[in-house]
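Asks: Can you keep this structure in mind? I'll have questions shortly.
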Amino acid sequence: MSELPSRLKLLDLCRAGTGAFQNYTFPSSIQELHLTDLNLSDMSGVKFAKGSKLKELKLRCCVSRKIDDKMIELPLGLKVLDVYGNFLEDINNVTIPQTVTFLDLRYNKLKSLEFKSHIETLYLCDNYSLSSLTIPKDSELRVLDLMGTEFRKLPPDLLGAEKLTQLRLGLQLKVFDFLKVPINIRALQISRRCVVKGPHRYPYKIIFRSSFEVP
Numbered sequence: 024m025s026e027l028p029s030r031l032k033l034l035d036l037c038r039a040g041t042g043a044f045q046n047y048t049f050p051s052s053i054q055e056l057h058l059t060d061l062n063l064s065d066m067s068g069v070k071f072a073k074g075s076k077l078k079e080l081k082l083r084c085c086v087s088r089k090i091d092d093k094m095i096e097l098p099l100g101l102k103v104l105d106v107y108g109n110f111l112e113d114i115n116n117v118t119i120p121q122t123v124t125f126l127d128l129r130y131n132k133l134k135s136l137e138f139k140s141h142i143e144t145l146y147l148c149d150n151y152s153l154s155s156l157t158i159p160k161d162s163e164l165r166v167l168d169l170m171g172t173e174f175r176k177l178p179p180d181l182l183g184a185e186k187l188t189q190l191r192l193g194l195q196l197k198v199f200d201f202l203k204v205p206i207n208i209r210a211l212q213i214s215r216r217c218v219v220k221g222p223h224r225y226p227y228k229i230i231f232r233s234s235f236e237v238p
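Once you know that position 110 of the sequence shown is 133 in the numbering used here, the rest is easy, because the numbers rise by one and skip nothing.
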C-alpha cells in the first residue's frame, strides 16, 4: 500500500480486496482503522508508528483464522478491538494492550477464554462451542454477552465480577440464579424458558426474554 497522508485520522478499507500488509507501519495520526471483509491471511509485520493515536481497530471478517503478534503489534492507547467473524479458535498469541476496554469476539470458534482485568465490555455472542470462561478477580467487566454459546451453567467466576451490570445469556441456560451473579446486575437477557431464581423483583433489575425462539 502506498504512503498515507500524515494527518489521516480515519482509514476504512472495507471490501477493498486482498490486503497485502507486510512489514507495513501505519502513521501515528490514525485514530480509527477499519479493515473489514478483506483477505488478511498473509498479513505480517504490521506496526503503528511511535506515538500512535489509534483508539479503534476493526479486523472484521478478514479470513485470517488467527491473530498473533507476528501479524500485527497492537499499540498502547488502543481502546476498542473488534475481531468479529474470523473463525478464531483462540487469542492467546496476540498481546492486547491494557488500555483496551472493549473487546468484540463475536462469531468466532472459541471453546474457552481467559481475558485480562482491564476489559469492560466483552462480546462473545455466537461462539457456539464456547463453554469455559475465566474471569479475573479484579475484573473491570461491566457488559458480558454470552448469547449463542454452549454455557449450560453460569461461569463459576461470574460472582466475582462485581462491576458487571449487563448480562446476556444463551438458550442453553435453563436456570438463572441471582444469588450466583453480582448484585449490581441491572439488565439481564435470558431464554423465555429459563427459570429465574433468587431476589430479582426490584424496580432496578430489568429482565428481557429472548423473542426469537421457536415455541
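Heads up, the beta-carbon is just placed ideally off N, CA and C, and yes, glycines get one too.
Predicted model only: the values in this text are computed from it and were never measured.
How about ARG165 and LYS139: do their beta carbons lie closer than 7 angstroms?
Replies: Contact check for ARG165 against LYS139 fails: the beta carbons are separated by 7 angstroms or more.
Asks: Would you call LEU202 buried or exposed, if buried means 16 or more other Cβ atoms sit within 10 Å of its Cβ?
Replies: With fewer than 16 Cβ atoms within 10 Å of its Cβ, LEU202 is classed as exposed.
Asks: I need the DSSP call for GLU201, collapsed to helix, strand or coil.
Replies: Just to set this straight, residue 201 is Phe in the shown sequence, not Glu. Helix.
Asks: Is it buried or exposed for VAL123, if we count other Cβ within 10 angstroms and need 16 for buried?
Replies: buried
Asks: Could you pull out every unbroken beta strand (DSSP E) segment of at least 3 residues lying fully inside the region 44-72, listed in chain order?
Replies: 55-57
Asks: Per DSSP, which residues does LYS81 bridge with? Please list them.
Replies: HIS57 and ASP105
Asks: Cα separation between LEU36 and LEU58?
Replies: 5 angstroms
Asks: Once you ignore the five residues that flank SER67 on each side, which residues in its own chain have a CB closer than 8 angstroms to its CB?
Replies: PHE44, GLN45, ASN46, LYS93 and MET94
Asks: Rounded C-beta distance between ASN62 and LEU82? I'm assuming under 8 angstroms.
Replies: Not confirmed; about 12 angstroms, so no contact.
Asks: What does DSSP give as the partner residues of LYS220 in its beta bridges?
Replies: In the DSSP output, where bridge partners are listed per residue, LYS220 has ASP200.
Asks: To the nearest whole angstrom, what separates the beta carbons of THR157 and GLU137, a pair I think is in contact under 8 angstroms?
Replies: 4 angstroms
Asks: Using only the alpha-carbon positions, how far apart do LEU34 and LYS78 sit?
Replies: About 12 angstroms.
Asks: So for LEU192, helix, strand or coil by DSSP?
Replies: strand
Asks: Taking only three categories from DSSP, how would you classify LEU182?
Replies: Here DSSP, grouped into helix, strand and coil, assigns LEU182 to helix.
Asks: LEU169 by DSSP, collapsed to three states: which one?
Replies: strand
Asks: Please state whether DSSP places LEU111 in a helix, a strand or coil.
Replies: coil
Asks: Taking DSSP as the reference, what is the three-state secondary structure of PRO146?
Replies: Pro is not the amino acid found at residue 146; the sequence shown has Tyr there. It is a strand residue.
Asks: In this structure, how does DSSP classify ALA210 when only helix, strand and coil are distinguished?
Replies: strand
Asks: Please determine, among LEU27, PRO159, ARG215 and VAL106, the residue with the shortest C-alpha to C-alpha distance to LEU182.
Replies: PRO159
Asks: Can you list, in chain order, the residues of its chain with a C-beta nearer than 7 angstroms to that of ASN207? Leave out the 5 residues immediately preceding and following it.
Replies: Result list for ASN207: GLU185, LYS186, LEU187 and THR188, in chain order.
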